[in-house]
Each structure stands twice: as structure tokens, then as C-alpha cells.
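Following: one structure in C-alpha cells, then a few remarks.
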Ligand code: TXE
């Protein structure tokens, strides 16, 4: 099948001069380098975006700070919720337009762009909108002794933290940005978002829709550019009170250090992993293969929650790998805008090179590849979905995150050994256990070292469930009721009377 027809509004949008979005307006930066945005399905330039100047980063934070102490502080919690819901309505109305822009710049299959980037983002916005009116402190019973008949009462206020800098990766450029600015705005904070330099287009459009929804100028600002210059300047700005980052572990560590050095700013880090999936012996081969497809290959594996390490009982592993090879061979690889494609391109040239280098390493060090391990036909950044058996837990393919469609397999003999392998890593974002024996699964769950543990599923997130990592996979939680803690300060008030 051919690519879907591009909407005329998408063509008009792409042809524009793309800039920063500050204080409710597009702001030009004519003197900076323009970065080409490449369509990963055919390597053609779809648009170009100018990098923010240091002065524009200052301007964006100043505008967010002015809105924080002014118009947004005077906006009631109920109204904040209403405005987030209105933005969700507008995203619904512009669903196809946003999904097409996303697929053209990230290589995400159009069906996924519609379902994940837009529909999930809408669900998250509505979830945050609902919380805006439910953020509260507590009253306390104090233990202070009273010597002269005086009394004390104490209570806490939950107050918005201030200007939030949200640094976003290229794999889910709308949804991850929504996690950051939706949380911030619901709590009464304002935001400056720095999208990934590879996928900045959709957030520029979402910011326009936010203004149309009635979110006042300055409450949501977008600055574009690379991490080293624009990201660093944003973190260092004294008026930024909190940094929320999603991306790779090394960059996340650097962001955390920079935020501490810039005045002990609050930090949430949602980083990568080498997530495990453990299949117990009772789980049937066909369902194991379905589970592996769900866990490893969604969005070409470019999902921080995806599994890359798979543990299968020794008695089943040969059958599973053979069946997986047959299933992977049937997947239709194609353009992100071809609705019949089941597997699209990788998101950008740098990532393509990284995954190709990983294939080389796997071939040199580990030998056998059950499926894939090579490029796939096409002009874009296409690779084959890949399955590689490991020789030991220490193999590179079991330790290094690829962030690509690469599943590595190791056989185990008993379940304690499987659990040991699953936890034998410094990462801990997600994990899954697959079995028909739920009582066994529920006994394993507390012993699995990960922020999210799924049973008989993988890669499902819900606005109500807190998300974040343990060990080197991050600090803090996004969404769920827990998000409020990360975007507010608790103030204690004690009154003598
Ligand atoms: O990520 P980075 P990149 C992994 C994946 C991928 C690798 C590199 O393995 O191959 O990371 O991708 C900004 N100060 N993940 O380079 O560097 C950057 O501009 C402030 C995992 O895209 O983590 C972008 O906006 N900001 C992942 C964001 O940080 C900085 C998702 C993420 O960039 C910065 C994506 C700096 N010094 C890639 N340096 C996940 N876990 O979801 C960069 N940035």
C-alpha cells in the first residue's frame, strides 16, 4: 500500500519558518543555525527549525516566570483544569494533523501516532486536568506543650514549585512533553519545554493550540535546539525551579548534576533501561511469541519501557525462537505513513548508526542471530526486527541498551535463576512476568527490581499508574497521584493563639 495523503494543513505547517514559541508568539532567531528535520522513512528534509539563542532561552524563562507570579497564579485551579481539557479537545480536533506531523518527523507508524501520541496525550491531559482541583495540604494535631494557655494549630499548603524546564526525547515527542507540562500546569507551575532537536515540530503546533485553548501567553513556552547549548542554558537559569528530563542514562546523570550545581533545583529523571521479561515454564509458546512482539518491537523498540532481555525456560527456548523467527519474517516493514506497515524506520541517522554498530558487535561477540541483524530495504533508516540468543548474562547484548528492535534471549533452568538474571543489572525501569499461575506471579512481583512490573503484558502505561525507575533508571515518578509531589512544595504553617 502507498503512503496516506498528507493533509494540506500539514503541508502548510511544514513550509513555515519554524522558531521558538515564547510568551504566546512564534519568535524568530534569524542568526542561528537552522536544523533540518529529516523524514526517517525516506531521508528527505521535511522542514527546518532554528535553534534558540541564549537570549531567547532567557526570554522564555522570564516569560514563564512572569506568568507564574502573575496571570497563572490568579487563575483558579478549576479554570486551570478547564483549560487543560480545552487543549485536549483541540488536540482531538487536530488529531490527524498532529499525527501526520509526528510520523513525518519521527518515523512512528501513523497508527501509533494517532493512538499513542494523540489519544494517550489527550487521556493524560484530562487526567491532570481532573487533579487541578484536588491538590491540597493537611491540618495537623500538634504536640507543642502549652505553658500559658496558648494554643497552636498547624497546617500545610501544597504550592506550585515555579517555572519547570521539561527536556524531552525524540521517541514520543508529544506524549512525553504532555507528561511534563500537563503536570506542571495542573499544579499551577508554568513551563518551558525543550523538545528533542530531532522532533521539535509537533510541540510547536501543540503550543499554538494551547494558546487557542485559552492558556495564557507565557504559561507554556517552547525553545528549540540541542542539549549542550539550549538544554544546558535552560537548566542553569536561576528562575527555573525544577527540571524534568526523559532520555538516556548518561545525559540524565549530567542533567541531574547540572541541576544540583545550578542551585539545588528539583529534578525528575526518567531514564532508560535494559528491561527484562521472564516467561515461566507453563506459558505456551504461541503466547510467548505474542508477548515478545508486544514487549520488544513496539515503535521499533524505541520505547524506554520496552524489554530487551528475555528469559525463557530451557525446555522451551528453541521452539520459541523458531516461532519468533517465523512471525518476524511476516512483519511488513514500510513507511511510517503506510497504514499497512507493521514496522517502520528508526527515528534518525544517529540512532540508525548506533543500532547498526550494535549489530556488528553482536555478530563479532556473540555469533548466532536468529532473525534480522541487518538493514531492511528502503531509502529510510530501516533495520530488521532482530532476535539474538545470548551465550551468557555477561554478553554485551544482555547489558547494553540498544533502544532499538533488538531482543536478546537467555535460557534458564529454575525460576530463582530467572529472577536472579532479571535483577542482575544496574537498571530498573520496567519488567514483566508471564505465566498462567497468578499466585506465583504475585509472589515474584515484590522481588523484581523495577519501577513498573507487568504480569502477562508489557509496555502498557496508564495516567493513574505512577511511572519511573529504580536504580540507574531514574529518580521520581511521573503521573499517577504521585506527580503532585514532584511539582509542588509543601509549606508548613504554625499559628499560636
Ligand atoms: O538522547 P539524550 P538522544 C537513548 C537511546 C538513544 C540515546 C541517545 O539509547 O540512542 O539515548 O539519544 C537533551 N543538557 N534514549 O541523544 O541525549 C536532548 O537535546 C540538557 C532513551 O536523543 O538523552 C534531548 O532533548 N539537555 C530515551 C534530550 O536531552 C540535554 C529516549 C534527550 O537526549 C543535554 C531517547 C544536556 N547536556 C533516547 N544533552 C528514553 N529513556 O526514553 C542532551 N540533552
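Numbering (full-length UniProt numbering), first residue to last: 1 to 497.
Backbone N, C-alpha and C fix where the C-beta goes; we use that ideal spot for every residue, glycine too.
- Message: Between which two residues does the alpha helix (DSSP H) holding residue 319 run?
- Response: Segment 317 to 330, the alpha helix (DSSP H) holding residue 319.
- DSSP beta-bridge partners of residue 495: Listed as beta-bridge partners of residue 495 by DSSP are 153.
- Query: Do the stretch 441 to 454 and the stretch 211 to 229 touch if we need at least three Cβ pairs shorter than 8 Å?
  - Reply: Here the stretch 441 to 454 does not lie against the stretch 211 to 229, with fewer than 3 beta-carbon pairs under 8 Å apart.
- Message: Nearer than 7 Å: is that true of the beta carbon of residue 170 relative to any heavy atom of ligand 1?
- Response: Yes, since a heavy atom of ligand 1 falls inside the 7 Å radius drawn around the Cβ of residue 170.
- Query: What whole-angstrom Cβ distance do residue 288 and residue 253 have, given they're in contact under 8 Å?
  - Reply: That belief does not hold up - the Cβ atoms of residue 288 and residue 253 are roughly 35 Å apart, past 8 Å.
- Item | Terminal residues of the beta strand (DSSP E) in which residue 109 lies | No beta strand (DSSP E) holds residue 109; DSSP gives it neither H nor E.
- Relative to the alpha-carbon of residue 152, which residue among 27, 283 and 143 has its alpha-carbon at the smallest distance? Residue 143 is the option with its Cα nearest to residue 152.
- Message: Need the endpoints of the alpha helix (DSSP H) that residue 253 sits in, please.
- Response: Its alpha helix (DSSP H) spans residues 249 to 261.
- Please state whether DSSP places residue 335 in a helix, a strand or coil. The three-state reading of DSSP puts residue 335 in coil, since its state is none of H, G, I, E or B.
- Can you find a heavy atom of ligand 1 that lies under 7 Å from the Cβ of residue 134? Residue 134 Cβ: outside cutoff for every heavy atom of ligand 1.
- Unbroken alpha helix (DSSP H) run spanning residue 484, endpoints: Residues 483 to 487.
- Got a sec, what are the start and stop residues for the beta strand (DSSP E) residue 270 sits in? Boundaries of the beta strand (DSSP E) around residue 270: 266 to 270.
- Determine the burial state of residue 36: buried for a count of at least 16 other Cβ atoms within 10 Å of its Cβ, exposed for fewer. By the neighbour-count rule (16 or more Cβ atoms within 10 Å), residue 36 is not buried but exposed.
- Which first and last residues belong to the alpha helix (DSSP H) in which residue 275 is found? Taken as a continuous stretch (DSSP letters only), residue 275 belongs to no alpha helix (DSSP H), being part of the beta strand (DSSP E) at 275 to 279.
- Item | Segment contact, 8 Å Cβ cut-off, at least three pairs: the stretch 280 to 300 with the stretch 245 to 261 | No, the stretch 280 to 300 does not touch the stretch 245 to 261.
- Hey, quick one: how far does the beta strand (DSSP E) through residue 308 stretch, first residue to last? 307 to 313 is the extent of the beta strand (DSSP E) around residue 308.
- Message: Could you check whether the Cβ of residue 255 sits closer than 7 Å to any heavy atom belonging to ligand 1?
- Response: Checking the Cβ of residue 255 against ligand 1 gives yes.
- Looking at C-beta atoms only, is the number of pairs between the stretch 9 to 24 and the stretch 353 to 373 that lie closer than 8 Å three or more? Under the 8 Å Cβ criterion, the stretch 9 to 24 does not count as touching the stretch 353 to 373, having fewer than three qualifying pairs.
- Delimiting residues of the beta strand (DSSP E) encompassing residue 389: Looking at the DSSP string, the run of the beta strand (DSSP E) that includes residue 389 is 386 to 389.
- Keeping to the same chain, check which residues put their C-beta closer than 6 Å to that of residue 39; ignore five residues upstream and five downstream. Closer than 6 Å at the Cβ level, and outside the excluded window around residue 39, lie 46 and 104.
- Could you tell me the boundaries of the beta strand (DSSP E) in which residue 81 lies? Where residue 81 is concerned, there is no enclosing beta strand (DSSP E), although the alpha helix (DSSP H) it sits in stretches over 77 to 93.
- Query: Expressed to the nearest angstrom, what Euclidean distance is found between the alpha-carbon atoms of residue 65 and residue 162?
  - Reply: Whole-angstrom Cα-Cα distance: 7 Å.
- Minimum C-alpha distance to residue 62 - residue among 175, 487, 96 and 233: Just measuring C-alpha positions, the residue of 175, 487, 96 and 233 sitting nearest residue 62 is 233.
- Item | According to DSSP, residues forming a beta bridge with residue 194 | Bridge partners of residue 194: 167.
- Task: Compute the minimum distance between the beta carbon of residue 196 and the heavy atoms of ligand 1, and state whether it is under 7 Å.
- Result: Yes; taking the cut-off as 7 Å, the Cβ of residue 196 has a heavy atom of ligand 1 nearer than that.
- Item | Test item: CB-CB of residue 99 and residue 118 under 8 Å | Residue 118 sits close to residue 99, with the two beta carbons spaced by under 8 Å.
- Item | Neighbourhood of residue 77 by C-beta, 8 Å cutoff - its chain only, sequence neighbours within 5 removed | Short of 8 Å from the beta carbon of residue 77, and not among the five residues preceding or following it, lie these beta carbons of its own chain, in chain order: 132, 133, 135 and 188.
- Collapsed DSSP secondary structure at residue 139 in the structure displayed: Reduced to three states, the DSSP call for residue 139 is strand.
- Of all the options 154, 293 and 113, which has the alpha carbon lying nearest to the alpha carbon of residue 458? If we check each option's Cα against that of residue 458, 293 comes out closest.
- Item | Best match in 422, 306, 301 and 84 for proximity to residue 183 [C-alpha to C-alpha] | For residue 183, the closest C-alpha among the options 422, 306, 301 and 84 is that of 84.
- Message: Does the beta-carbon of residue 247, which I'm using as the reference point, lie nearer than 7 Å to any heavy atom of ligand 1?
- Response: Within the cutoff, so yes.
- If I'm right that residue 407 touches residue 106 with Cβ under 8 Å, what's the distance once you round it to whole angstroms? At roughly 22 Å, the Cβ-Cβ gap does not stay under 8 Å, so residue 407 and residue 106 are not in contact.
- Query: Can you tell me the Cα-Cα spacing of residue 480 and residue 8, whole angstroms?
  - Reply: Going from the Cα of residue 480 to the Cα of residue 8 covers about 38 Å.
- With a Cβ-Cβ cutoff of 8 Å, do residue 167 and residue 247 count as a contact? In contact: residue 167 and residue 247 (Cβ atoms closer than 8 Å).
- Task: Please list, in chain order, all residues of the same chain as residue 102 whose beta carbon is under 7 Å from its beta carbon, the five residues on each side excluded.
- Result: 108, 113, 117, 173, 174 and 202.
- Give a yes or no on whether the C-beta atoms belonging to residue 311 and residue 278 are separated by under 8 Å. Taking C-beta atoms as the reference points, residue 311 and residue 278 count as a pair closer than 8 Å.
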